[in-house]
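Colleague:
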Amino acid sequence: MAKASAKTTAARPRRRERKNIDRGAAHIHSSFNNTIVTITDPEGNAVAWSSAGGMGMRGSRKGTPFAAQMAAEQAAKTAIDHGMRTVEVYVKGPGAGREAAIRSLQSAGLDVTMIKDVTPIPHNGCRPPKRRRV
Numbered sequence: 001m002a003k004a005s006a007k008t009t010a011a012r013p014r015r016r017e018r019k020n021i022d023r024g025a026a027h028i029h030s031s032f033n034n035t036i037v038t039i040t041d042p043e044g045n046a047v048a049w050s051s052a053g054g055m056g057m058r059g060s061r062k063g064t065p066f067a068a069q070m071a072a073e074q075a076a077k078t079a080i081d082h083g084m085r086t087v088e089v090y091v092k093g094p095g096a097g098r099e100a101a102i103r104s105l106q107s108a109g110l111d112v113t114m115i116k117d118v119t120p121i122p123h124n125g126c127r128p129p130k131r132r133r134v
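Each residue of the sequence shown is one higher than the one before, counting from 1 in the numbering used here.
1) Return the CA-CA distance between residue 80 and residue 109, expressed in angstroms with no decimal places.
2) At what residues does the alpha helix (DSSP H) containing residue 114 begin and finish?
3) Kindly list the residues whose CB is nearer than 8 Å to the CB of residue 20, restricted to its own chain and excluding five residues on each side of it in sequence; keep chain order.
4) Does the count of Cβ pairs from the region 84-93 and the region 51-66 closer than 8 Å reach three?
5) Which residues in the same chain have their Cβ closer than 8 Å to the Cβ of residue 39, if we skip the five residues on either side of it in sequence?
6) Please state whether DSSP places residue 73 in a helix, a strand or coil.
7) Helix, strand or coil, according to DSSP, for residue 64 in the structure here?
8) Taking the Cβ atom as the reference point for each residue, do residue 68 and residue 98 lie within a distance shorter than 9 Å?
9) If contacts are defined as beta-carbon pairs under 8 Å, then residue 102 and residue 115 qualify, I think. What distance do you get, rounded to the angstrom?
10) Starting from residue 23, trace the beta strand (DSSP E) in both directions and tell me its first and last residue.
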């Protein structure tokens, strides 16, 4: 029995096209365990994203302000490569990396025009976790 000759082509890495977006929004999701920074165009399509875990941090180090700073710098550099100059910042969550991420977006060269806290607040929804005893 002859095998059907399967034509295999080497999977080429797809080249990212350089978008030319001058303004957008930076969404910072900061939990106690991690910080995720997503930079989008005005329509909401993701241009760049980064997280503290993706920067090599593991475990409890992901929730630190330094990890959030590194993640925001990485996302900002990618967005600047796509031509972005100004961002509106939307912050969600109670984490330690909120302010550090905003400051590093500014220091990376992005002009922050607005900062808005969009943390969801329950109208007496789920019961919160019990108090930690150390």
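Cβ coordinates follow ideal geometry from the N, Cα and C atoms, glycine included.
Modeller: Taking the coordinates as given:
1) Counting from one through the sequence shown, the residue named residue 80 turns up at place 80. Counting from one through the sequence shown, the residue named residue 109 turns up at place 109. Near 8 Å, if we compare the C-alpha coordinates of residue 109 and residue 80.
2) The residue labelled residue 114 in the question sits at position 114 within the sequence shown. Residue 114 -> not in any alpha helix (DSSP H); beta strand (DSSP E) instead, spanning 111-117.
3) Numbered from its first residue, the sequence shown carries residue 20 at position 20. Closer than 8 Å at Cβ, skipping near neighbours: 82, 83.
4) no
5) Residue mapping note: residue 39 aligns to position 39 of the sequence shown, counting from 1. Taken in chain order, the residues that qualify are 24, 25, 26, 27, 46, 47, 48, 49, 75, 76, 78, 79, 84, 87.
6) The residue you call residue 73 lines up with position 73 of the sequence shown. Reduced to three states, the DSSP call for residue 73 is helix.
7) Position 64 of the sequence shown, counted from the start, is the residue given in the question as residue 64. Three-state DSSP puts residue 64 in coil, outside helix and strand.
8) Sequence index remark: in the sequence shown, residue 68 carries index 68 (1-based). Sequence index remark: in the sequence shown, residue 98 carries index 98 (1-based). A contact, by the Cβ cut-off of 9 Å.
9) Walking along the sequence shown from the start, residue 102 turns up at place 102. Walking along the sequence shown from the start, residue 115 turns up at place 115. The Cβ separation is near 6 Å, so the contact holds.
10) Position 23 of the sequence shown holds residue 23. Per DSSP, residue 23 belongs to the beta strand (DSSP E) from 23-30.
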